[in-house]
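Some notes on the structure that comes next.
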Amino acid sequence: MIRFDIAIAALSEQAEQRIRIAAILLAAYRIRAQVRTWDGTRCGALVADVSDAYGRQAVALAKRRGTPMLLFGADGQAPEPGIALTTEANPAPILAQTLRELLGAVEPVDGQAIAAGGPTPALCRLAEPEFSGRAVDATYGGRIVRIRPEAGRVYAPTFSDLLSARDSFASAEWHLSTADGETPATDDGGANRSLEAFLLQAAFQGRDQLPAFPPGRYQLKEWPDVGSAPELVGALKIAKLLLREAASAEELLACSKVGARDINASLWAYRAANLLDAQGESAGGEPPPRPSAGAFSGILARIASRFGLG
32 MIRFDIAIAA LSEQAEQRIR IAAILLAAYR IRAQVRTWDG TRCGALVADV
82 SDAYGRQAVA LAKRRGTPML LFGADGQAPE PGIALTTEAN PAPILAQTLR
132 ELLGAVEPVD GQAIAAGGPT PALCRLAEPE FSGRAVDATY GGRIVRIRPE
182 AGRVYAPTFS DLLSARDSFA SAEWHLSTAD GETPATDDGG ANRSLEAFLL
232 QAAFQGRDQL PAFPPGRYQL KEWPDVGSAP ELVGALKIAK LLLREAASAE
282 ELLACSKVGA RDINASLWAY RAANLLDAQG ESAGGEPPPR PSAGAFSGIL
332 ARIASRFGLG
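Take 32 as the starting number for the sequence shown in my numbering and just add one per residue.
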């Protein structure tokens, strides 16, 4: 794995947080990036805000050294070789792609590399027997999220922690451990959201980091709770098809008009949420009956109708 030292100068708190998440996401490209505050010494790349005098000072020195740079606050500046421009509005996955291009990174880790002993994304590890369907605590870089399938929720001390976890949970950096029944899910004033919505958004954010889903035909046990992620139209289409009957990724690709990467991300998210059965896993050996045209009711019917799924 390639190692890079990324220095930051004069960034806002929000920009720094996104750069740190982007550094985690670089693991998908076999880059182990360490983020530190710029101190005038050499670094693999500099990320700075040139609207600040301190940031401009760092940029001037880095330019003399030929250091690759990612610049905030450079509105109207023409791009130069080895210098990329960005804004506060860009999310962590976009920043990760930009840094990868600056650092001349290799292609993302694929399923075969992971199967051969490479790092397994945290989201995929949730589907393993050790963690599937169980209360799990996930920690990374001082942050913690508590995954509670029985309640169908993910808990974190703050909303910022929750967003950070969502944006980086497809990386292999998170440490997972099963939680005992006495561990509280969250403190008063914490943040939480639907488990399925969290996993779907994490999978779609990090879709390039996920290995190919295991071959086979799968069926959805129940309709996922996507209350806080209704924008994931592709995932909802896949849910509708898999609720009716078992299908493979190839069959879904042929009949859903959903892209292969989105299908792969959806399958991993549903498997991590313990909502997928492989064909032949159900107790009676018979496939579940297809739902009638009116299978969705209430709020689910309105969501399905909105996206043409009913």
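Every residue gets a Cβ at the ideal spot worked out from N, C-alpha and C, and that includes glycine. These numbers come from a predicted model, not from an experiment.
Ala196 is the residue among Ala196, Val167, Pro160 and Glu181 whose C-alpha sits nearest the C-alpha of Gly173. As computed with DSSP, Gln48 is found in no beta bridge at all. Tyr85 sits exposed, since fewer than 16 C-beta atoms from the chains shown fall within 10 Å of its C-beta. Under the three-state reduction of DSSP, Thr129 is assigned to helix. In this structure, Leu133 lies near Leu101, with their beta-carbon atoms less than 8 Å apart.
Annotation: the region 280-315 contains the following complete segments of the alpha helix (DSSP H) (minimum length 4 residues), in chain order: 280-287 and 291-303. Collapsing the DSSP output to three states places Ala187 in a strand. For Ser208, the secondary structure class from DSSP, reduced to helix, strand or coil, is strand. 8 Å or more divides the Cβ of Leu130 from the Cβ of Asp80. The continuous stretches of beta strand (DSSP E) do not include Val81, and DSSP gives it neither H nor E. Pairing Ile55 with Val78 gives a Cβ-Cβ distance that is not under 8 Å.
Taking each of Gln48, Ile62, Ala59 and Ala89 in turn and checking the Cα distance to Asp70, the smallest one comes out for Ala89.
By the criterion of a C-beta distance shorter than 6 Å, Ala303 is surrounded in its chain by Leu154, Leu157, Ala158 and Leu230, once the five residues flanking it on both sides are discounted.
Annotated three-state conformation of Ser43 is coil, per DSSP. Contact between Ala203 and Thr151 holds: CB atoms are separated by about 6 Å, below the 8 Å threshold. The residue among Gln310, Ala93, Ser163 and Asp293 with its C-alpha nearest the C-alpha of Asp239 is Asp293.
For Gln232, the uninterrupted alpha helix (DSSP H) run begins and ends at Leu226 to Gln236, by DSSP.
Of all alpha-carbon atoms in Leu263, Pro246 and Leu92, the one lying nearest the alpha-carbon of Ala76 is that of Leu92.
Looking at the DSSP output, Val167 bridges to Ile178 and Thr209. Ile269 and Thr98 have their C-alpha atoms roughly 45 Å apart. The residue among Thr189, Trp254 and Arg165 with its C-alpha nearest the C-alpha of Ile178 is Arg165. Taking Leu272 as the centre and dropping the five residues before and after it, the same chain places the C-beta of Ala278, Leu283, Cys286 and Ser287 closer than 8 Å to its C-beta, in chain order. Under the three-state reduction of DSSP output, Ala93 falls in the helix class.
In the DSSP assignment, Val264 falls within the unbroken alpha helix (DSSP H) covering Val264 to Arg275. DSSP links Asn223 through a beta bridge to Tyr186. Out of Gln108, Gln128 and Ala64, the CA that lies nearest to the CA of Gly237 is found in Gln128.
Using a 10 angstroms sphere on the CB of Gln250, the tally of other CB atoms reaches 16 or more, which defines it as buried. The three-state secondary structure of Arg156, taken from DSSP, is helix. For Val66, the enclosing beta strand (DSSP E) has its first and last residue at Ile62 to Thr68. Around the beta-carbon of Pro160, fewer than 16 other beta-carbon atoms lie within 10 Å, marking it exposed. Sequence-distant Cβ neighbours of Ala280 in its own chain, meaning closer than 6 Å and more than five residues away, are Phe244 and Ile294.
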